[in-house]
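Take a look at the structure below.
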Amino acid sequence: MAIDQVVALLDGSYSMFHTKDMVDALVLPTVEVRGKLSVRSYAVGQDIPVVKSIPQMNKIMESIETIKIKDDIDLLAYWPDGYATFDQLDGMASIIEACNHFILVMRTMRWIDDVEWRVSDLREPFSDT
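See below:
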């Protein structure tokens, strides 16, 4: 599964039941980015970077904001460990957010499944008014 495919799937509305398996199939390790962020233009003849890992969310957001401040989404976020385009960073942020939402949905569903109702808890709808 390619990151571009997963990001395209997460663009707009999506359902956990249809997208979680594809997000889980995307096997990208996380990496702890070290060093100072700089924003640079592409070098002449430079290839678009290939995403091999996903940095921590705060580093992604810092680089997105820095590029937005420069008002040029064609810049690269560069760290000593690697670099990424604005679109790649935005996609990585979407993937992390989706994974966090999936965790919350699964926890909520588990709570709903585990909750025990007593007959005395059941009420007719809106009978308290």
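For what it's worth, my numbering labels the leading residue of the sequence shown as 1222, then goes sequentially. Ideal Cβ positions, reconstructed from N, Cα and C, are used throughout, including at glycine. Nothing here was measured: the structure is a model prediction, and the numbers come from that model.
(Q) Please tell me whether V1227 and M1243 are closer than 7 Å, where the distance is taken between their beta carbons. (A) As a first step, residue 1227 must be located in the sequence shown, where it is residue number 6. As a first step, residue 1243 must be located in the sequence shown, where it is residue number 22. Taking 7 Å as the Cβ cut-off, V1227 and M1243 qualify as a contacting pair.
Q. Near L1230, which residues of its chain fall below 7 Å by C-beta distance, leaving aside the five closest residues on each side in sequence?
A. Your numbering for residue 1230 matches position 9 in the sequence shown. The residues are T1240 and M1243.
Q: Given a cut-off of 7 Å, decide if M1313 and I1215 are closer than it, judged by their beta-carbon atoms.
A: As shown, the chain starts at 1222 and ends at 1350. That puts residue 1215 outside it, with no answer to give.
Q: With DSSP collapsed to three states, give me the class of L1310.
A: Along the sequence shown, read from residue 1 onward, the residue named residue 1310 stands at position 89. DSSP places L1310 within a helical segment (H, G or I) once states are collapsed to three.
Q. Which partner residues of G1303 appear in the DSSP bridge assignment?
A. The residue given as residue 1303 occupies position 82 in the sequence shown. Answer by DSSP bridge pairing, in chain order: W1300.
Q) Considering only residues of the same chain and omitting the five flanking positions on each side of F1323, which have a CB-CB separation below 6 Å? A) Sequence index remark: in the sequence shown, residue 1323 carries index 102 (1-based). Contacts found: M1237 and K1241.
Q: Whole angstroms is fine: what's the gap from D1232's alpha carbon to V1340's?
A: Reading the sequence shown from its first residue, position 11 is the one you call residue 1232. Reading the sequence shown from its first residue, position 119 is the one you call residue 1340. For D1232 and V1340, the distance between alpha carbons rounds to 43 Å.
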